[in-house]
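> Input: one structure, supplied below.
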Amino acid sequence: MHFTGGAVELHGHRGARGLRPENTLAGFKYALELGVDAIEFDVGITADGVVVLNHDQALSPVTLADTAPVRPGDPLFPYVGKAVRDLTLEQVKTLEAGVRRPSDDDDPFVLTQLPLPGTALPTLAETCALLSGCGVVLAVELKTDPGWSDADVERFTAAVAEVLDEFGLTGRSRLLAFDWRVLTAAQRHAPAAGRVGLVEPRTLVPGSPWLAGEPPDDPAGSALKIGATALSPERRLATPELVDQAQTLALPVVVWTVNEPEEMSRFVDYGVDAIVTDYPDRLRAVLARRGLPLPEPMTAPLPG
1 MHFTGGAVEL HGHRGARGLR PENTLAGFKY ALELGVDAIE FDVGITADGV VVLNHDQALS
61 PVTLADTAPV RPGDPLFPYV GKAVRDLTLE QVKTLEAGVR RPSDDDDPFV LTQLPLPGTA
121 LPTLAETCAL LSGCGVVLAV ELKTDPGWSD ADVERFTAAV AEVLDEFGLT GRSRLLAFDW
181 RVLTAAQRHA PAAGRVGLVE PRTLVPGSPW LAGEPPDDPA GSALKIGATA LSPERRLATP
241 ELVDQAQTLA LPVVVWTVNE PEEMSRFVDY GVDAIVTDYP DRLRAVLARR GLPLPEPMTA
301 PLPG
């Protein structure tokens, strides 16, 4: 999946996290109605091998709440706080995912996100069914870490690739990962998909276990060597120099997560290829003021 030359792609982060519940079908529908080039979302794998959407490997009390156990006396209940891969799909589907809760951090999304009670976490298959009828790019972040075995990374990547292939979406999908072993596995299981190397300050340290053995001092060169087709730095790392280095190597640059209009405009000046934001409406306004192309809003009814 190639980037659009001459334009800045607009990527809705976890759908439109600032406006609707994250990693949910309702959030994706709203992002499409606003108009985005790509929907970014996170996936994990359940104990029974189903790929589901959720940001953290452990179920967070900020975005999720328990409702009831799947059966009385379930020893794993409550499920919030447990790892996704320790629970079955049936258990995950009991969770309330439509109401964000205040946290200890200064969380702006509690104030700007519209609650949608009764919302469940979707499977990747359900997400693909929703997005298959439009031309939006699927930016699928696989949530693993260096503590996972190579075999588990391989199995998870293969499971994601199988679902994308089932829906004919591999060619307009990009697989994203901080754990760069995912990128090498993606070359085997989804060669037609894009491969995006994510980096942030904690992964770019000497001896980093995140980069599949590649050195952290040259993120662009290391990403290219590992087989990435794009580099995605956290916004504090996205300097003009890094953007130039990556693009010189023909690696598009996707900067994340940018929510303030002034900063969005600065990254447009840097010449990045895509901006990931929790507020697609704000980025649309910035791009419009600068006379840049905008993705078309989705007006046709979406399934479900």
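Position one of the sequence shown corresponds to residue 1 (UniProt numbering), numbered consecutively onward. From the three backbone atoms N, C-alpha and C, an ideal C-beta is built for every residue, glycine too.
Measuring alpha carbon to alpha carbon, tell me which residue in A161, V272, E90 and V268 is nearest A288.
Translated into the one-based positions of the sequence shown, residue 288 becomes position 288. Looking at the Cα atoms, V268 is the closest of the given residues.
> Please list the terminal residues of the continuous alpha helix (DSSP H) segment that includes D152.
The residue given as residue 152 occupies position 152 in the sequence shown. Taken as a continuous stretch (DSSP letters only), the alpha helix (DSSP H) holding D152 covers D150 to E166.
> Anyone know if the C-beta pair for L25 and L130 falls short of 7 Å?
Along the sequence shown, read from residue 1 onward, the residue named residue 25 stands at position 25. Along the sequence shown, read from residue 1 onward, the residue named residue 130 stands at position 130. Yes, the pair counts as a contact, with Cβ atoms nearer than the cut-off.
> When the distance is taken between beta carbons, is L87 closer than 7 Å to T144?
Here residue 144 corresponds to residue number 144 of the sequence shown, with the count starting at 1. Here residue 87 corresponds to residue number 87 of the sequence shown, with the count starting at 1. In this structure, L87 does not lie closer than 7 Å to T144 by Cβ.
> Tell me the rounded alpha-carbon separation between V160 and L292.
Here the question's residue 160 lines up with position 160 in the sequence shown. Here the question's residue 292 lines up with position 292 in the sequence shown. Near 34 Å, if we compare the C-alpha coordinates of L292 and V160.
> Helix, strand or coil, according to DSSP, for H189 in the structure here?
Taking the sequence shown and counting its residues from 1, one reaches residue 189 at position 189. The answer is helix: DSSP assigns H189 an H, G or I state.
> Going along the chain, which unbroken runs of the alpha helix (DSSP H) with 4 or more residues stay wholly within the region 228-268?
The qualifying runs are 240-248.
> What are the boundary residues of the beta strand (DSSP E) that A120 is part of?
As a position in the sequence shown, residue 120 is number 120, starting the count at 1. Note, A120: premise wrong, no beta strand (DSSP E); not H, not E.
> Once the 5 residues before and after D150 are set aside, which same chain residues still bring their CB inside 7 Å of it?
Taking the sequence shown and counting its residues from 1, the one referred to as residue 150 is at position 150. These residues qualify, in order along the chain: R181.
> Assess, as a yes-or-no matter, whether the region 99-106 is touched by the region 122-142 under the definition of 3 or more beta carbon pairs within less than 8 Å.
As far as the Cβ criterion goes, the region 122-142 does not touch the region 99-106, which means the pair count is below three.
> Whole angstroms are fine: how far does the CA of E162 sit from the CA of V50?
As a working mapping, residue 50 is identified with position 50 in the sequence shown. As a working mapping, residue 162 is identified with position 162 in the sequence shown. The straight-line gap from Cα to Cα measures roughly 11 Å.
> Quick one: Cα of A228 to Cα of P108, how far?
If you number the sequence shown from 1, residue 228 lands on position 228. If you number the sequence shown from 1, residue 108 lands on position 108. So the alpha carbons of these two residues sit roughly 33 Å apart.
> Please confirm if the region 235-244 is in contact with the region 270-289, defined as three or more CB-CB distances below 8 Å between the two stretches.
With a cut-off of 8 Å, the region 270-289 and the region 235-244 count as touching, because enough Cβ pairs lie within range.
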